[in-house]
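Protein chains: 2
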Amino acid sequence: MDFFHCISLLEAQDMIVKELTGSVVALEQVPLVDALGRVAAEDVVSAENLPPFSRSTVDGFAVRSADTFGASEAAPSLFTVVGEVLMGKSTGIELAPGQAAAIPTGGMLPVGADAVVMLEYAEQPDPHSLLIAKMIAPRENVIVSGEDIAFGSILLHRGQIITPAHIGVLAASGVTHVPVRQPVKVAIISTGDELVDIDMPVKAGQIRDVNSYALGALFTKWGCRVSPMGIVRDSYEKFYCALLEAVKTCQMVVISGGSSVGARDFTVKAIDGLGAPGVLFHGIAIKPGKPTIFGMVDRTPIFGLPGHPVAAMTVSEQLVKPAVRLLSGQKEIFARRSVPARLTRNVASSPGRDDFVGVRLNRQADGGYQAAPIFGKSGLIRLMAESDGIMHIPSDKSGVYEGETVEILLLNDADEGGRPE
Amino acid sequence: MDFFHCISLLEAQDMIVKELTGSVVALEQVPLVDALGRVAAEDVVSAENLPPFSRSTVDGFAVRSADTFGASEAAPSLFTVVGEVLMGKSTGIELAPGQAAAIPTGGMLPVGADAVVMLEYAEQPDPHSLLIAKMIAPRENVIVSGEDIAFGSILLHRGQIITPAHIGVLAASGVTHVPVRQPVKVAIISTGDELVDIDMPVKAGQIRDVNSYALGALFTKWGCRVSPMGIVRDSYEKFYCALLEAVKTCQMVVISGGSSVGARDFTVKAIDGLGAPGVLFHGIAIKPGKPTIFGMVDRTPIFGLPGHPVAAMTVSEQLVKPAVRLLSGQKEIFARRSVPARLTRNVASSPGRDDFVGVRLNRQADGGYQAAPIFGKSGLIRLMAESDGIMHIPSDKSGVYEGETVEILLLNDADEGGRPE
Chain A
11 MDFFHCISLL EAQDMIVKEL TGSVVALEQV PLVDALGRVA AEDVVSAENL PPFSRSTVDG
71 FAVRSADTFG ASEAAPSLFT VVGEVLMGKS TGIELAPGQA AAIPTGGMLP VGADAVVMLE
131 YAEQPDPHSL LIAKMIAPRE NVIVSGEDIA FGSILLHRGQ IITPAHIGVL AASGVTHVPV
191 RQPVKVAIIS TGDELVDIDM PVKAGQIRDV NSYALGALFT KWGCRVSPMG IVRDSYEKFY
251 CALLEAVKTC QMVVISGGSS VGARDFTVKA IDGLGAPGVL FHGIAIKPGK PTIFGMVDRT
311 PIFGLPGHPV AAMTVSEQLV KPAVRLLSGQ KEIFARRSVP ARLTRNVASS PGRDDFVGVR
371 LNRQADGGYQ AAPIFGKSGL IRLMAESDGI MHIPSDKSGV YEGETVEILL LNDADEGGRP
431 E
Chain B
11 MDFFHCISLL EAQDMIVKEL TGSVVALEQV PLVDALGRVA AEDVVSAENL PPFSRSTVDG
71 FAVRSADTFG ASEAAPSLFT VVGEVLMGKS TGIELAPGQA AAIPTGGMLP VGADAVVMLE
131 YAEQPDPHSL LIAKMIAPRE NVIVSGEDIA FGSILLHRGQ IITPAHIGVL AASGVTHVPV
191 RQPVKVAIIS TGDELVDIDM PVKAGQIRDV NSYALGALFT KWGCRVSPMG IVRDSYEKFY
251 CALLEAVKTC QMVVISGGSS VGARDFTVKA IDGLGAPGVL FHGIAIKPGK PTIFGMVDRT
311 PIFGLPGHPV AAMTVSEQLV KPAVRLLSGQ KEIFARRSVP ARLTRNVASS PGRDDFVGVR
371 LNRQADGGYQ AAPIFGKSGL IRLMAESDGI MHIPSDKSGV YEGETVEILL LNDADEGGRP
431 E
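As you go down the protein sequences, you meet chains A and B in turn.
In terms of my numbering, the numbers along the first sequence are unbroken and rise by one, the last being 431.
In terms of my numbering, the numbers along the second sequence are unbroken and rise by one, the last being 431.
Here it is in structure tokens:
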């Protein structure tokens, strides 16, 4: 299988978008405390003004701002203090001209008042009098009703992943339940006669099933519910039955391929056998990850990933992740956080192929990042855990050079254990 | 409370480090599938070589590399094919000089072989013969036993947050259970006479309890187990009892403060009343977040955060997050993923105070980021959800200028709903 007989990464991504657009998993309502990290299924709109009443943003005195017109150190305005606003209480106070009321931060503005003067600028010759020695603008130190969140404004957009800040905005607006997408249910089938599960003794010639665990963790991180179907060995019939079961019970199927040509042939044959349209591409011009298979059985996408864990994870980031985002109704399908970085050495590549190379990122004195490519024979598992990010060398380049500024896709947020600074 | 009577952010962080160093929550063993996102409690060391046997990285023929010495198009080396290596099987084959064996990708190298020639470079005049027209180096297309992960090497370092790649490395090495730190149990107490829970009707002068939800989500994202203790109102005695209960049952307590001076006085009095050393600082020179309280009751840290959600979340990122990381035994206490960005407009600041301003990030044609500050009256909740990152203006600056390159702390990884590109 020559690279020039493979489809390009962009073609593969376009095909996945075309096949999965419109296929979105069902909606469910969850309590606000369970909404973190979920995908909003609908726009959530504010049913009220926030704040519901005009509030003070400081400790001070509520006044009618017009009463301070012309006030100065030489000629302060004089007010009569007619009462005190208490937190959490509706105030019965109504200010007439020349009147003021004490008010705490967050207190509800009395009727008639339109501004608050801070304690620092108010002098009280006696408890019932107040001198203000500067002019106060209308709305000064006040948040008016609806100024933060207006009735009818959108609190959360369909397709957004819900963050702690969204949770705060929703709580502030009294939203107790949130419409979210159900987690995408993904089956993982491992194939390969050489594989054994991680808790079994390894005999000569055998290796452990890494991909069920590594891919399972990756898909879990992306919000999927993972259904591990174990290792399928020995016969085409057993593999076909496992795949049939997976297609029936899940919304996406990922086959972690045996490394042999025979195992790949099994996968193609079974996908085509299960239903139309069957296999849509087999082989993409990327490294690592060339022997990747993608097909659809009715509306269910099926990926046949390479057996090498590094290749399987690279292809997952490039193809499976966009598919998960499409199925869960996310807006940003291909967005990845990336940073520009200066390369520490030349890296050769082949035109006509998209290359992905793990790098370590180091912060430089000038604030920029430096990217040091991590090399090793294809399939070294250790390399995965040593990378802070991935350098993408596009298919029109024959390499990138030391000192060149390249774009690095970040693998792990600092919160998740990256190695920043 | 003047900014110059507050301690600095750095002093506050140093004090937290000093108080919490050595206080780490207990260890537990979890199955590998449950280890994602947890903090490694011990170094995990490989008990074997990976791969356990020398493997081929291509489909081809295993040979003794010395037998190809001098081979060329003009004078190819001739081999006798003595058998075929099967996947997942120990091979009984032993190569004598001049002999070769067919081998699949991942197959176990026969005794005597030290390299593999790819199918493309091998010609078979008949099934039992093989011509190789180039010289093959020792170890070519072979991963030798232990080359990926050597016996005794560290798979996972104490204090690392476990990523999908770590899960892969652990699976490959047969690690079925992982020693991790228990989640830090954090109590959240909301105080403030004006607060009502989000599912209750809001009367005049009242506002909803945002912080229990927003802070709960933030701490959950950081791996904590959140214990919401609800809204405590009305009396000092009730507040004292709630705090006592929180200190008894949790490893950290966060009080989301009422905005009034009275509520802050309650907090200080209760922390001091519960035990030594009591309140350690009250007021830090940052904006937003000045009226922050920190104390210790025996070995339990207690934070009194400002009532404004934006201030509470800003202080949480700067002080509570490092505390969570210390308690859970993480290595990187202050690391945050940040990017340099060009500022779109001037932002004034006060020397002697660390300012934090929300920004939107936009990707520029040259690959760099542009940061547009989001302004609004202090305490606008909506601003939280509109920020992609936070600009930190250090205390020695009186402002930052349009066009200046500033450092932006990223709030949300693209995976979590940021707005990259």
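Just so you know, even glycine gets a beta-carbon here, dropped at the ideal spot from N, CA and C.
- Taking a cut-off of 8 Å for Cβ pairs, the stretch 329 to 342 of chain B and the stretch 363 to 374 of chain B do not touch, as fewer than three such pairs fall below it.
- If one requires a minimum length of 4 residues, the alpha helix (DSSP H) runs lying completely within the stretch 350 to 415 of chain B are 392 to 396, in chain order.
- Ranked by Cα distance from V154/A, the options E52/A, G116/A and A256/A are led by G116/A.
- Looking only at E396/B, P361/B, E414/B and L390/B, the smallest Cα-Cα distance to Q380/B is reached by E414/B.
- Per the Cβ contact rule, the stretch 219 to 229 of chain A is in contact with the stretch 41 to 57 of chain B (3 or more Cβ pairs under 8 Å).
- A175/A belongs to the set of residues whose beta carbon lies under 7 Å from a beta carbon in chain B.
- For the pair A81/B and F71/B, the Cα-to-Cα distance works out to about 16 Å.
- According to the DSSP assignment, Q261/B belongs to no beta strand (DSSP E), since it is labelled neither H nor E.
- For P174/B, the enclosing alpha helix (DSSP H) starts and ends at P174 to A182.
- Between G162/A and A182/A, the alpha-carbon positions lie close to 14 Å from each other.
- The beta-bridge partner set that DSSP reports for G93/B consists of A111/B.
- For I26/A, the uninterrupted alpha helix (DSSP H) segment begins and ends at L19 to L30.
- DSSP places L290/B inside the beta strand (DSSP E), whose first and last residues are P287 to H292.
- In this structure the stretch 344 to 352 of chain A does not touch the stretch 283 to 303 of chain A; the number of beta carbon pairs closer than 8 Å is below three.
- Taking the Cα positions, R274/B is about 14 Å away from A322/B.
- Y246/B has a beta carbon lying at 7 Å or more from every beta carbon in chain A.
- By the beta-carbon neighbour count (other beta carbons within 10 angstroms, threshold 16), V55/B is exposed.
- Residues of chain A whose Cβ lies closer than 8 Å to the Cβ of P383/B do not exist; the shortest such Cβ separation is about 16 Å.
- Nearest in C-alpha terms to Y246/A, of all of G202/A, L353/A and R235/A, is G202/A.
- Of the candidates G378/B, V357/B and V264/B, V357/B places its Cα closest to the Cα of M401/B.
- Looking at the backbone, the Cα of L96/B and that of P193/A are separated by about 40 Å.
- Assignment of F344/A by DSSP, reduced to helix, strand and coil, places it in the coil class.
- Taking all protein chains in view, the Cβ of F304/B is crowded by 16 or more other Cβ atoms within 10 Å, so the residue is classified as buried.
- Under a 10 Å Cβ-count criterion, F63/A is classified as buried, with 16 or more other Cβ atoms of the shown protein chains found around its own Cβ.
- DSSP, reduced to helix, strand and coil, places I208/A outside both helices and strands of the structure shown, so it counts as coil.
- Close CB contacts of G169/A within its chain, under the 6 Å cut and outside five residues either way in sequence, are with G339, Q340 and K341 (chain order).
- Residue environment: T310/A is assigned as buried (16 or more neighbouring CB atoms within 10 Å of its CB, all protein chains considered).
- The DSSP-derived three-state label of Q39/A is strand.
- For R392/B, a Cβ of chain A is located within less than 7 Å of the residue's own Cβ.
- Closest option to G215/A, judged by alpha-carbon separation, among G288/B, A147/B, G102/B and I171/B: G102/B.
- Note on Q261/B: 16 or more other CB atoms within 10 angstroms of its CB, so buried under the neighbour-count rule.
- Within the same chain, and ignoring the five residues on either side of D308/B in sequence, the residues whose Cβ sits closer than 7 Å to its Cβ are G285.
- Ranked by Cα distance from L119/A, the options L105/A, E130/A, V27/A and A132/A are led by L105/A.
- When C-beta distances to chain B are compared with 7 Å, the residues of the stretch 151 to 165 of chain A below that value are I153, D158 and I159, in chain order.
- Considering only P287/B, E396/B, A382/B and L421/B, the residue with the shortest C-alpha distance to Y411/B is A382/B.
- The stretch 206 to 213 of chain A makes contact with the stretch 182 to 191 of chain B; the number of CB pairs closer than 8 Å reaches 3 or more.
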